[in-house]
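**Student:**
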Amino acid sequence: MNYIASVGSYALMIKEVFKKPTKWSIMKSLILKEIDELIYGSLGILIFISFFIGGVVAIQTALNITSELIPKNLVGFATRQSIILEFAPTFCSIIMAGKVGSYITSSIGTMRVTEQIDALEVMGVNALNYLVFPKIVALMLYPFIIAIAMYVGIFGGWFAGVFGGFSTSADFIEGVQLDFIPFHITYSFLKTIVFAFVLATIPSFHGFYMKGGALEVGKASTTSFVWTSVVIIIINYILTQLLLG
Amino acid sequence: MIDVNNIHKSFGEAHVLKGVTTHFEKGKTNLIIGQSGSGKTVFLKCLLGLFIPEEGTISYDGKIYSDLTPKEQRNLRQEMGMVFQGSALFDSMTVAGNVMFPLEMFTKQGKSEMEDRVDTVLKRVNLIDAHHKYPSEISGGMQKRVAIARAIVMNPKYLFCDEPNSGLDPKTAIIIDNLIQEITQEFDITTVINTHDMNSVMEIGEKIIFLKNGLKEWEGSKNEIFKTENKAVTDFVYSSDLFKKVRQMYLEERN
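Protein chains in written order, with my numbering: chain A, 26 to 270; chain B, 999 to 1253.
Structure representation (structure tokens):
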């Protein structure tokens, strides 16, 4: 029953986020601040992880090619497919649920605990629009960092494959270009946009409606990470079935 | 002036306010006192429009809150200033940013006009040197003064304070009390203070309401509270030996 009530509250929150907008001059600076915090601030960790995961995918694939009949360009092909279809949009979003999601929940939760949200509401400010809307807008730029993650991931695969002696540069690049289906990029970005919305709103929901003190802020951050990850994984399954199935 | 007529508020099974009727006068410091759990905070949040009573009405200079449209309610809220128990300053903004926030949100004033207004209110609360500091860089008493400055920057008609002295040393608490009283008289606003602090009751209690178990048990002024025979009030207000002696001396002097 509690889960159903939470889904209802979440839906009502989303409706409220788009009501009674904050003055544009203020909203503009809030959006830029969130882009800096949520997008630019996540670039480093995603580049770092993408490079090494791409490398590991290439090595694992190469080590599993035991038959001479399997073409050597499979390393590049498998790396590209893994990175574009799953690693960059889904795995990165789970990482972001930990990094950005916890930040959103704890910052909004702390504002709740210290009565800053009450202060906004007393002034007549739509606190949900003021706090959550800029995060949604900022995270609509999330596909850009996922595009970078895709590029860096494939580069990491090439680097590990070539310099680790698992593949030649020519074989790897041939594999990357082999049977390329442009719709896979569309599919990946569609997923990313949906995940971005989830990343902005579920942690905000857990922060905004939390009750208690500092300990509960920590608990809310953990719960928010778990639920954001669960929802991302379920949506990933549904979208994959709908778009590729 | 705020008129409260028979308000009831419940949370599930808990009936917190059981029919409170009173009024708060303009230009006076009105205090709400009572033990923890007596319904003071819920009452204050009803006055602020954060909680909607199930029964009864609250009217602000004749305007009944529940009869107003959402837009009129929002406009009315902009005539209210609130000082929260923990100050509730925005951590990410400087002192000046916090005070300027309501002006940026709700007025069409230019930057220099807003800065002038911020200077004026910060001068009024003796904080002109703290402009560029962040809330974490100033003391609790200074944070309270910033909160007061933010609450009065829009020239409110109504000022609400939730335990403005909590966590402050006695000297700073008196400074805050006096500042609130001076501002109330200077700007002729209706001020309602929720407090546990008996020093505040004795210093600035022009009208005092004592809540007990969600009901108004007693009301009167700071002079009347010395003379009252209401046991619940005397047990609460004069629970310390010091205040018992103060009361005794006051009554002896009167006789």
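Every residue gets a Cβ at the ideal spot worked out from N, C-alpha and C, and that includes glycine.
Write down the C-beta distance between G190 (chain A) and F197 (chain A) rounded to the nearest angstrom, noting that I regard them as a contact closer than 8 Å.
**Tutor:** Within the first sequence, the letter at position 165 stands for residue 190 (chain A). Within the first sequence, the letter at position 172 stands for residue 197 (chain A). About 12 Å; that fails the 8 Å criterion.
**Student:** Within the region 1170-1194 of chain B, note down every full beta strand (DSSP E) run reaching 3 residues or more, in order along the chain.
**Tutor:** Fully enclosed beta strand (DSSP E) runs of 3 or longer: 1188-1192.
**Student:** Please state whether DSSP places F197 (chain A) in a helix, a strand or coil.
**Tutor:** Here residue 197 (chain A) is taken as the residue at index 172 of the first sequence, counted from 1. Reduced to three states, the DSSP call for F197 (chain A) is helix.
**Student:** Between which two residues does the alpha helix (DSSP H) containing I56 (chain A) stretch?
**Tutor:** Within the first sequence, the letter at position 31 stands for residue 56 (chain A). 49-59 is the extent of the alpha helix (DSSP H) around I56 (chain A).
**Student:** Using a cut-off of 8 Å between C-beta atoms, extract the partners of K48 (chain A) located in chain B.
**Tutor:** As a working note, residue 48 (chain A) is residue 23 in the first sequence. E1102, M1103, listed in chain order.
**Student:** Going by beta-carbon coordinates alone, are V1199 (chain B) and K1220 (chain B) separated by less than 9 Å?
**Tutor:** Here residue 1199 (chain B) is taken as the residue at index 201 of the second sequence, counted from 1. Here residue 1220 (chain B) is taken as the residue at index 222 of the second sequence, counted from 1. Their beta carbons are under 9 Å apart, which means V1199 (chain B) touches K1220 (chain B) by this criterion.
**Student:** Taking W1216 (chain B) as the reference, which of B:M1080, B:S1034, B:I1202, B:I1030 has the closest Cα?
**Tutor:** Counting from one through the second sequence, the residue named residue 1216 (chain B) turns up at place 218. Among B:M1080, B:S1034, B:I1202, B:I1030, the Cα nearest to that of W1216 (chain B) belongs to B:I1030.
**Student:** So A1147 (chain B) contacts chain A; which residues on that side make the cut at Cβ distance below 8 Å?
**Tutor:** The sequence position of residue 1147 (chain B) within the second sequence is 149, counting from 1. Those do not exist, as A1147 (chain B) stays about 13 Å from chain A at its closest Cβ, beyond 8 Å.
**Student:** Any chance the region 118-126 of chain A sits against the region 199-208 of chain A, with 3 or more Cβ pairs inside 8 Å?
**Tutor:** Counting Cβ pairs under 8 Å, fewer than three are found: no touch.
**Student:** For the region 143-157 of chain A and the region 34-54 of chain A, state whether three or more C-beta atom pairs, one from each stretch, are separated by less than 8 Å.
**Tutor:** These segments touch.
**Student:** Does chain B have any CB closer than 9 Å to the CB of V147 (chain A)?
**Tutor:** If you number the first sequence from 1, residue 147 (chain A) lands on position 122. Chain B contact via Cβ: present.
**Student:** With 9 Å as the threshold, decide whether the Cβ of T130 (chain A) is near any Cβ in chain B.
**Tutor:** In the first sequence, the residue the question calls residue 130 (chain A) occupies position 105. Closer than 9 Å: no.
**Student:** Given this structure, state the Cα-to-Cα distance separating N1028 (chain B) from K1069 (chain B), to the nearest angstrom.
**Tutor:** Along the second sequence, one-based indexing puts residue 1028 (chain B) at 30. Along the second sequence, one-based indexing puts residue 1069 (chain B) at 71. Whole-angstrom Cα-Cα distance: 28 Å.
**Student:** Return yes when the Cβ of P1154 (chain B) is within less than 9 Å of the Cβ of M1078 (chain B), no when it is not.
**Tutor:** The count along the second sequence starts at 1 and reaches residue 1078 (chain B) at position 80. The count along the second sequence starts at 1 and reaches residue 1154 (chain B) at position 156. Their beta carbons are under 9 Å apart, which means M1078 (chain B) touches P1154 (chain B) by this criterion.
**Student:** Starting from V1081 (chain B), follow its DSSP beta bridges and name the residues at the other end.
**Tutor:** Taking the second sequence and counting its residues from 1, the one referred to as residue 1081 (chain B) is at position 83. DSSP output for V1081 (chain B) lists B:C1159 as bridge partner(s).
**Student:** Between the alpha carbons of V147 (chain A) and F233 (chain A), how many angstroms are there, rounded?
**Tutor:** The count along the first sequence starts at 1 and reaches residue 147 (chain A) at position 122. The count along the first sequence starts at 1 and reaches residue 233 (chain A) at position 208. In a straight line, the C-alpha of V147 (chain A) is about 16 Å away from that of F233 (chain A).
**Student:** For M1098 (chain B), which of B:S1085, B:A1086, B:R1115 has the nearest alpha-carbon?
**Tutor:** As a position in the second sequence, residue 1098 (chain B) is number 100, starting the count at 1. Residue B:R1115 is the option with its Cα nearest to M1098 (chain B).
**Student:** Throw me the rounded Cβ distance for the E1214 (chain B) and T1019 (chain B) pair, which I believe falls under 8 Å.
**Tutor:** If you number the second sequence from 1, residue 1214 (chain B) lands on position 216. If you number the second sequence from 1, residue 1019 (chain B) lands on position 21. Correcting the residue type first, residue 1214 (chain B) is Lys in the shown sequence and not Glu. With a Cβ gap of about 7 Å, K1214 (chain B) and T1019 (chain B) count as contacting.
**Student:** Tell me whether the beta-carbon of G1025 (chain B) lies closer than 9 Å to the beta-carbon of T1182 (chain B).
**Tutor:** Walking along the second sequence from the start, residue 1025 (chain B) turns up at place 27. Walking along the second sequence from the start, residue 1182 (chain B) turns up at place 184. Yes; because the gap between Cβ atoms is below 9 Å, this pair is in contact.
**Student:** Quick test of your reading: S229 (chain A) and I129 (chain A), contact by CB under 8 Å. State the CB separation rounded to the nearest angstrom.
**Tutor:** Position 204 of the first sequence, counting from 1, holds the residue named residue 229 (chain A). Position 104 of the first sequence, counting from 1, holds the residue named residue 129 (chain A). The Cβ separation is near 6 Å, so the contact holds.
**Student:** Hey, L215 (chain A) and I257 (chain A): beta-carbon distance below 9 Å or not?
**Tutor:** Indexing the first sequence from 1 puts residue 215 (chain A) at position 190. Indexing the first sequence from 1 puts residue 257 (chain A) at position 232. No, these two residues do not count as a Cβ contact at 9 Å.
**Student:** Let me know the secondary structure DSSP gives S1036 (chain B) once reduced to three states.
**Tutor:** Looking up residue 1036 (chain B) in the second sequence gives position 38. In this structure, S1036 (chain B) counts as coil in the three-state DSSP scheme.
**Student:** Check whether the Cβ atoms of P1162 (chain B) and Q1076 (chain B) lie closer than 9 Å to each other.
**Tutor:** Mapped onto the second sequence, residue 1162 (chain B) falls at position 164. Mapped onto the second sequence, residue 1076 (chain B) falls at position 78. Cβ atoms of P1162 (chain B) and Q1076 (chain B): not closer than 9 Å.
**Student:** Determine whether the Cβ of D143 (chain A) lies closer than 9 Å to any Cβ atom of chain B.
**Tutor:** As a position in the first sequence, residue 143 (chain A) is number 118, starting the count at 1. Answer yes: the Cβ-Cβ gap between D143 (chain A) and chain B drops below 9 Å somewhere.
**Student:** According to DSSP, what are the bridge partners of D1127 (chain B)?
**Tutor:** To locate residue 1127 (chain B), count along the second sequence from 1; it is residue 129. According to DSSP, which records beta bridges pairwise, D1127 (chain B) is partnered with nothing at all.
**Student:** Could you pull out every residue in the same chain whose Cβ sits closer than 7 Å to the Cβ of V162 (chain A), ignoring the five residues on either side in sequence?
**Tutor:** Mapped onto the first sequence, residue 162 (chain A) falls at position 137. Around V162 (chain A): I56.
**Student:** At the level of alpha carbons, what is the spacing between K1142 (chain B) and I1174 (chain B)?
**Tutor:** Locating residue 1142 (chain B) in the second sequence gives position 144, where the first residue counts as 1. Locating residue 1174 (chain B) in the second sequence gives position 176, where the first residue counts as 1. For K1142 (chain B) and I1174 (chain B), the distance between alpha carbons rounds to 8 Å.
**Student:** Since I believe L1045 (chain B) is in contact with I1000 (chain B) (beta carbons under 8 Å), could you give me their beta-carbon distance rounded to a whole number of angstroms?
**Tutor:** Position 2 of the second sequence, counting from 1, holds the residue named residue 1000 (chain B). Position 47 of the second sequence, counting from 1, holds the residue named residue 1045 (chain B). With a Cβ gap of about 7 Å, I1000 (chain B) and L1045 (chain B) count as contacting.
**Student:** Flag F1158 (chain B) as yes if its beta-carbon sits less than 9 Å from any beta-carbon of chain A, otherwise no.
**Tutor:** Position 160 of the second sequence holds residue 1158 (chain B). It does: the Cβ of F1158 (chain B) has a partner Cβ on chain A nearer than 9 Å.
**Student:** Pairs of beta-carbons, one from the region 103-115 of chain A and one from the region 238-249 of chain A, closer than 8 Å: are there three or more?
**Tutor:** No, the region 103-115 of chain A is not in contact with the region 238-249 of chain A.
**Student:** Which residues does DSSP list as the beta-bridge partners of A1012 (chain B)?
**Tutor:** Taking the second sequence and counting its residues from 1, one reaches residue 1012 (chain B) at position 14. Answer by DSSP bridge pairing, in chain order: B:F1009.
**Student:** In the DSSP assignment, what are the bridge partners of I1207 (chain B)?
**Tutor:** Numbered from its first residue, the second sequence carries residue 1207 (chain B) at position 209. BP columns for I1207 (chain B) point to B:I1030, B:E1217.
**Student:** Which of helix, strand or coil does DSSP assign to E1053 (chain B)?
**Tutor:** For the purposes of this step, residue 1053 (chain B) is taken as residue 55 along the second sequence, with counting starting at 1. Residue state, collapsed to three classes: strand.
**Student:** Inspect the CB distances between the region 1053-1061 of chain B and the region 1004-1023 of chain B and report whether three or more fall short of 8 Å.
**Tutor:** Contact holds: three or more Cβ-Cβ distances are below 8 Å.
**Student:** Based on DSSP bridge pairs, tell me the residues matched to I1000 (chain B).
**Tutor:** Translated into positions along the second sequence, residue 1000 (chain B) becomes position 2. The partner list for I1000 (chain B) (beta bridge, DSSP) reads B:F1022, B:Y1058.
**Student:** For chain A, find out if any of its Cβ atoms is closer than 9 Å to the Cβ of R1115 (chain B); answer yes or no.
**Tutor:** Locating residue 1115 (chain B) in the second sequence gives position 117, counting from the first residue. For R1115 (chain B), the answer is no, since every Cβ of chain A falls outside 9 Å of its Cβ.
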